[in-house]
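In the working numbering, the protein residues as written are 3 to 243.
Okay, so here's the structure we're looking at.
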């Protein structure tokens with residue numbers, strides 16, 4: 003949905019001078035040719051060379067302040083920019099509600115004013131859309147997990163979606179479709195209850211539907227019909243379970 007903002011790491015440091023490991027030309031004992039350089043001469047003994055270059059660079063980096071270190075890592079110091087980056091990362095591949103993002107910013111100690119500015123901007127440009135989130139959530143969780151209205155309402159409330167938005171989202175579920183989904187759930191579970199007595203089968207199947215948010219009346223009706231189709235005697239199963 004949103005591209006992740008990536009921050010580059012520390013720039014690669016250039017390598018040292020390939021000649022820095024050599025000292026100045028000195029005449030060798032025994033009449034050596036003038037102008038020849040020695041690797042172990044005065045230059046090497048004076049602290050230059052590859053090892054010294056590494057030490058010098060290391061000392062330069064360690065002397066930076068914490069703020070400059072953060073800047074080198076690409077972390078913005080402006081709280082608005084920090085909030086923006088946090089929200090973009092959280093929204094990458096996963097839609098989230100306004101409250102979820104607000105909670106994340108608060109946890110990261112972003113000032114309220116900066117957080118509100120970014121959240122409002124994201125709402126304006128459509129990166130935060132609680133109504134679209136709720137609609138997609140209902141569609142996915144009903145068809146994917148078989149959840150009924152009551153369970154969907156509970157889940158959306160925990161994500162901070164407004165009650166009016168929730169009502170509109172769950173309102174897209176057709177009652178006939180909801181009951182058909184309940185029948186499919188019972189049909190998949192029915193085989194695993196064979197061999198149990200009737201009342202135990204009833205409690206197990208009805209309890210499964212209750213956990214998914216189906217009302218008692220619908221659950222009893224669907225389970226009773228499924229048991230009748232298997233030849234079970236359902237007399238007396240009209241009472242609440």
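In this text, a Cβ means the ideal position worked out from N, Cα and C, and glycines have one as well.
For residue 179, the secondary structure class from DSSP, reduced to helix, strand or coil, is helix. If only complete runs of 4 or more residues are kept, the segment 107 to 156 shows the alpha helix (DSSP H) at 114 to 126 and 132 to 147, in order along the chain. Residue 86 and residue 120 do touch by the CB rule: their CB atoms are close to 5 Å apart, below 8 Å.
Comparing alpha carbon positions, the residue from 186, 138 and 191 closest to residue 173 is 138. Residue 220 sits close to residue 184, with the two beta carbons spaced by under 8 Å. Ranked by Cα distance from residue 197, the first of 229, 126 and 107 is 229. Comparing alpha-carbon positions, the option among 107, 207, 133 and 82 lying closest to residue 92 turns out to be 107. When the Cα atoms are used, residue 146 and residue 83 turn out to be separated by approximately 37 Å. Distance between residue 125 and residue 102, taken at the CA atoms: about 13 Å.
The three-state secondary structure of residue 174, taken from DSSP, is coil. Note that the C-beta distance between residue 204 and residue 224 is not below 8 Å. Taking the Cα positions, residue 154 is about 35 Å away from residue 81. In this structure, the alpha-carbon of residue 88 lies about 40 Å from that of residue 187. Per DSSP, the unbroken alpha helix (DSSP H) holding residue 219 starts and ends at 218 to 231.
Contact annotation, residue 163 with residue 99: C-beta distance approximately 6 Å; criterion of less than 8 Å satisfied. Per DSSP, the continuous alpha helix (DSSP H) segment holding residue 202 begins and ends at 200 to 213.
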